[in-house]
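S.K.:
Residue numbers (our numbering): 2 to 228.
(1) Considering only the alpha carbon of each residue, which of 30, 121, 109 and 76 lies closest to residue 14?
(2) Can at least three beta-carbon pairs, one atom from the region 148-157 and one from the region 60-70, be found at a separation below 8 Å?
(3) So is residue 139 buried or exposed if we call it buried at 16+ other beta carbons inside 10 Å?
(4) Taking C-alpha atoms, which residue in 144, 158, 184 and 119 lies nearest to residue 170?
(5) Exposed or buried, which one is residue 37 when buried takes at least 16 other CB atoms within 10 Å?
(6) Buried or exposed for residue 176, going by 16 or more other Cβ atoms inside 10 Å?
(7) Enumerate in chain order the residues of its own chain whose CB-to-CB distance from residue 211 is below 7 Å, with the five nearest sequence positions on each side excluded.
(8) Given a cut-off of 8 Å, decide if residue 79 and residue 60 are closer than it, judged by their beta-carbon atoms.
(9) When you compare only the Cα positions, how much space is there between residue 39 and residue 155?
(10) Keeping to the same chain, check which residues put their C-beta closer than 6 Å to that of residue 185; ignore five residues upstream and five downstream.
(11) Tell me whether residue 19 is buried or exposed, calling it buried when 16 or more other Cβ atoms sit within 10 Å of its Cβ.
(12) Under 8 Å by Cβ, that's how I've got residue 115 and residue 86 pegged, so tell me the actual separation to the nearest angstrom.
(13) When we look at the beta-carbon of residue 31 and count the other beta-carbons within 10 Å, is it buried (16 or more) or exposed?
(14) Flag residue 164 as yes when its Cβ comes closer than 7 Å to any non-hydrogen atom of the ligand SAM, and as no otherwise.
(15) Using CA coordinates, which residue listed in 43, 213 and 203 is at the minimum distance from residue 108?
(16) Comparing C-alpha positions only, which one of 98, 193, 215 and 133 sits nearest to residue 53?
(17) What's the call for residue 106, buried or exposed, on a 16-neighbour Cβ count within 10 Å?
(18) Note down the Cα distance separating residue 306 from residue 162, rounded to an integer number of angstroms.
(19) State the Cα-Cα distance for the pair residue 118 and residue 90, rounded to the nearest angstrom.
(20) Consult DSSP for residue 102 and reduce its assignment to one of helix, strand or coil.
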């Protein structure tokens, strides 16, 4: 990919993030339609996240666990799964849009999480940073559980409610562990210096997320018990 192609490829996340930030926050729709859209949205993400997790697991099982530059991206099926998982990060913007449509304001954690995910998955996919399989397989697993919980709550399936207190812990684990595995096992010359710097950007983004999720966990699950 030449420099012109590289620069033009960055237009998509820039425009998408601009649209995400500029979304009309006062827009409202019929509650019944909002409920239907919410069920469809969460149902789609359950199915997609489950597919991504199973697909990546099968690839890793077949090709083995290998820490090497541009190893998995040589597999067209891996490239295709990662591509669609990257694209899904744009679709997850609807998490925030649905909150606005419901008259609620998303917390900073959610907005930072969505914007940062688009940037990091974009950079890692465009430049074929092979370690992307690690956060992707972890993220797809956690999202399968998380969106199943949201869907269950919408459908009033009370049996799923016990999952709530574990979701933040799962999110912290899938942020901290995979990305520091990348930082450790892909040190040059295993990975190129340029791509390793992209890994550092991902880890920097995740480090802030860990702090934000930790604060969220403390405020919602630890602090109330002390009161």
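Where is the CB? At the ideal position from N, CA and C, for every residue including glycine.
M.R.: Judging by the given coordinates:
(1) 121
(2) no
(3) buried
(4) 144
(5) exposed
(6) buried
(7) 173, 176 and 177
(8) yes
(9) 8 Å
(10) none
(11) exposed
(12) Not really, about 14 Å apart at Cβ, beyond 8 Å.
(13) exposed
(14) With respect to small molecules bound, the structure shown includes none, and the ligand SAM cannot be examined in it.
(15) 213
(16) 133
(17) exposed
(18) Not covered by the structure: residue 306. The range shown for the chain is 2 to 228.
(19) 6 Å
(20) helix
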